[in-house]
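Number of protein chains: 2
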Amino acid sequence: MGPHVPAHAAFIPGHPIAGTEDSGPDAGFAELFDGRWAILTPLSPADEADVAKLRGFWEGMGANVDTMSVEHHDLVFAIVSHVPHLIAYNIVGTAADLEDVTQSEVIKYSASGFRDFTRIAASDPTMWRDIFLNNRDAVLEILGRFVEDLTALQRAIRWAEGDKLFELFTRTRAIRRGIIEQGQDTRRRISAAGRARDERLRAARIARAVIGVDQPAMRAQRKRA
Amino acid sequence: MGPHVPAHAAFIPGHPIAGTEDSGPDAGFAELFDGRWAILTPLSPADEADVAKLRGFWEGMGANVDTMSVEHHDLVFAIVSHVPHLIAYNIVGTAADLEDVTQSEVIKYSASGFRDFTRIAASDPTMWRDIFLNNRDAVLEILGRFVEDLTALQRAIRWAEGDKLFELFTRTRAIRRGIIEQGQDTRRRISAAGRARDERLRAARIARAVIGVDQPAMRAQRKRA
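Take a look at the structure:
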């Protein structure tokens, strides 16, 4: 990229962490970057004023901004994004190739777990091919560790070492809790009870706004806020 | 199980395919089984009248019912549920053990992909330990295929064989389409635009119900339906 940047321009690599499996302008919406992270990986020497300007751009879109080295970026995203995508693509491929389970059975019975993987495995093929080819070293490093850990689990299952399974399955819950606490999962399933309650509150709010009931209570609430 | 069933009782193994990562009575809601599948695996010899009674029970809860052999069930669920859970647990464990990426970075930057895996990896540890120990043969069979396929992908990345990656990434989209068409993914992300539209429609519906506007239009609509 470097040689193609004209002398008067500053090139600062970076990207947001946001989006869905859909691509193109139609997949966008106004709150897409709200509260999400944008990562900048300034090349040295980078002009701090230029970095500040780009930071301001992302913050204007509602994002939080972090900077890190290109190398660290590649390792972080190999684990939080690239390898997870690769194994999602892989398991959906393994499922499609089974002789004794039909594709229609896989589709019909796809429960939580596989279903989430199929969503990930429906991501843009061109973009993901290029990601794996461009972040090869970090992806192979994380993939090596993943397979090593998986082999240990496989062995634990074969030898019925339930304690080892239980220990891992308990440990992984802590990371999930951290993600929910930091509000990075906007897609968390809301319980039907919670949804029904939200619905009632919303209906009550609209009813109050339309027919003017409960105005004093609303004013009091506004004062408190 | 068999020896513990009293002579006057009929034992028909089975389970629904529904639920979230939450357990216990509080995790339930009235529509939990609506349009989902319940699988029965009658042991031979099974009394058809008993199976029909149990089928009626599940249908009464809104579920669709299928029957299959225990062996086929175990293979189907190893691919659509058990192995996906195992690899989700595994990648979250691999992430937690990295030396050069902190747990707080993993949590902060957890993008689509990893975030979904953490949700799955927060499932009940005791239940999942027992599932892996009880469905060992089918899980090991599917896991063997998964690792074989993953090794081929790893090799394609190492040797920059972009075509092989692209071919798989394209093929996996078909399965996703099938799942969406069959309505098995209730958790599909609704775009913000779609959400805003639903919200407006709901508000309009409530407003009409409360203050009685647009009654003729509503009656006409009801007649058409």
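Protein chains in written order, with this note's numbering: chain A, 640 to 864; chain B, 640 to 864.
Note that beta-carbon positions come from the ideal geometry of N, C-alpha and C, so glycine has one too.
Any C-beta of chain E under 9 Å from that of residue i
i: T680/A; result: Note that chain E does not occur in the displayed structure, where the protein chains are A and B.
Residue i at chain B interface by Cβ criterion, 9 Å
i: L693/A; result: no
i: W697/A; result: no
i: G653/A; result: no
i: H647/A; result: no
i: H724/A; result: yes
i: G674/A; result: no
i: G663/A; result: no
i: G752/A; result: yes
i: V704/A; result: no
i: H711/A; result: yes
i: A688/A; result: no
i: P642/A; result: no
i: F650/A; result: no
Where residue i falls, given that 16 or more other Cβ within 10 Å makes a residue buried
i: W798/B; result: exposed
i: V778/A; result: buried
i: H721/B; result: buried
i: D802/A; result: exposed
i: R836/B; result: Residue confidence is low: R836/B scores 49 on pLDDT, short of 50, so the model does not pin down where it sits. Its coordinate-derived value is still stated next. With fewer than 16 Cβ atoms within 10 Å of its Cβ, R836/B is classed as exposed.
i: H725/A; result: According to the sequence shown, residue 725/A is Leu rather than His. Buried.
i: L804/B; result: buried
i: Q821/A; result: exposed
i: D755/B; result: buried
Test: residue i CB closer than 9 Å to a CB of chain A
i: S708/B; result: no
i: A685/B; result: no
i: I656/B; result: yes
i: G701/B; result: no
i: G817/B; result: yes
i: F785/B; result: yes
Residue i versus the options, residue with shortest Cα-Cα distance
i: T680/A; options: K692/A, H654/A, S662/A; result: H654/A
i: A717/B; options: T765/A, F696/A, D739/A; result: D739/A
i: G674/A; options: G701/A, V719/A, A791/A, V731/A; result: G701/A
i: D686/B; options: D736/B, W676/B, A648/B; result: A648/B
i: D661/A; options: R784/A, R794/A, R815/A, T765/A; result: T765/A
i: H712/A; options: R754/A, I678/A, F753/A; result: I678/A
i: N729/A; options: D705/A, V709/A, A813/A, R758/A; result: R758/A
i: V745/B; options: K692/A, F785/A, I818/A; result: I818/A
i: N773/A; options: E806/B, T790/B, E800/B; result: E800/B
i: L709/B; options: R784/B, N703/B, F808/B, D776/B; result: For clarity, residue 709/B is Val in the given sequence; the question names Leu instead. Nearest of R784/B, N703/B, F808/B, D776/B to V709/B, Cα basis: D776/B.
i: G783/A; options: F808/B, T733/B, S749/B; result: T733/B
i: L792/A; options: A727/B, A795/B, A813/B, E806/B; result: A727/B
Which residues DSSP lists as bridging residue i, in chain order
i: T811/A; result: Partner(s): none; T811/A has no beta bridge.
i: D705/B; result: I678/B
i: G658/A; result: DSSP output for G658/A lists no bridge partner at all.
i: G653/B; result: L679/B
For residue j and residue i, the rounded distance between their alpha carbons
i: G658/B; j: P652/A; result: 42 Å
i: I770/A; j: P723/A; result: 13 Å
i: G663/B; j: E787/A; result: 34 Å
i: M640/B; j: R815/B; result: 37 Å
i: V644/A; j: F650/A; result: 7 Å
i: G833/A; j: A761/A; result: Residue placement at G833/A cannot be trusted, given a pLDDT of 49 that sits under 50; what the coordinates show is reported in the next sentence. Cα-Cα distance, rounded: 30 Å.
i: P642/B; j: A688/B; result: 22 Å
i: A646/B; j: T809/A; result: 40 Å
i: L671/B; j: G699/B; result: 12 Å
i: E780/B; j: A735/A; result: 15 Å
i: R812/B; j: P684/A; result: 42 Å
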